Amino acid sequence: MITTIQAFVDEWTHESTTTLRVLNTLTDTSLAQQIAPDFRTLGQLGWHIATTIHEMISLTGLQFDAPENKEQHAPSSAKTIADTYRTSAAALTTAIQSQWTDVTLAESHDMYGESWLNSFTLRVLISHEIHHRGEMIVLMRQAGLRVPDVYGPTREDWLERGMQPLV
């Protein structure tokens, strides 16, 4: 449960920095990778993460400038996706710190047909991002990209350390 603005900012800073490391690993060619037909591509997942920040949090009344998902399909540029995410994540942090107080976290708003506390909305935003970041990592491996360490060393990290990774 997020109980203070500072607790959110601390966690958001960590998670958004990690997400940006994942997005910065993408290449334009890798954006077309998908698990199977009729599933989101790697680019669509990255774009979804980048644009959901404003889409979701603006429903609470928080105001900040950030690109919205006005395109049905993701851009063909990995840099555009990463830059959009970077801008949106930073704008969210600034807006939260300047417009909300810890008391605001206990306010509720209509979120997708349900009443959510602002603190819960922030938790869902972070969890949503982590969920899709995990999907992206699988697609990144399929696309032949080296994934960055997220919550611990990757297989490649272990091998470079001269250790045999667990299978």
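Sequential numbering from 23 applies to the sequence shown in the numbering used here.
Positions of the beta carbon are idealized from the N, C-alpha and C atoms, including for glycine.
Everything numeric in this text was worked out from a predicted model, so none of it was measured.
Fill in: Option in Met-185, Glu-157, Tyr-173 with minimal Cα separation from Leu-64
Residue numbering aside, residue 64 sits at position 42 when the sequence shown is read from its first letter. Comparing Cα positions, the closest option is Glu-157.
Worksheet item: When the Cβ atoms of the stretch 133 to 149 are set against those of the stretch 99 to 109, are three or more pairs found closer than 8 Å?
Response: no
Worksheet item: Between the beta-carbon of Arg-168 and the beta-carbon of Glu-178, is there less than 8 Å?
Response: Walking along the sequence shown from the start, residue 168 turns up at place 146. Walking along the sequence shown from the start, residue 178 turns up at place 156. It is a contact, given that the beta carbons lie within the stated cut-off.
Item to complete: Tell me where the alpha helix (DSSP H) around Leu-181 begins and ends.
Response: By 1-based counting over the sequence shown, the position of residue 181 is 159. Here the alpha helix (DSSP H) through Leu-181 covers 177 to 182.
Item to complete: Consult DSSP for Met-133 and reduce its assignment to one of helix, strand or coil.
Response: To locate residue 133, count along the sequence shown from 1; it is residue 111. DSSP places Met-133 in strand when its eight states are reduced to three.
Item to complete: Quick one: residues in its chain with C-beta nearer than 6 Å to the C-beta of Met-78, no 5 flanking neighbours on either side, listed in chain order?
Response: Here residue 78 is taken as the residue at index 56 of the sequence shown, counted from 1. Cβ within range, chain order: Leu-147.
Worksheet item: When burial is assigned at 16 or more other CB atoms within 10 Å of the CB, is Ile-27 buried or exposed?
Response: Walking along the sequence shown from the start, residue 27 turns up at place 5. The residue in question, Ile-27, is buried, as its Cβ has 16 or more Cβ neighbours within 10 Å.
Worksheet entry | Rounded separation between Phe-86 and Thr-123 - CA only | To locate residue 86, count along the sequence shown from 1; it is residue 64. To locate residue 123, count along the sequence shown from 1; it is residue 101. Taking the straight line joining both Cα atoms gives about 16 Å.
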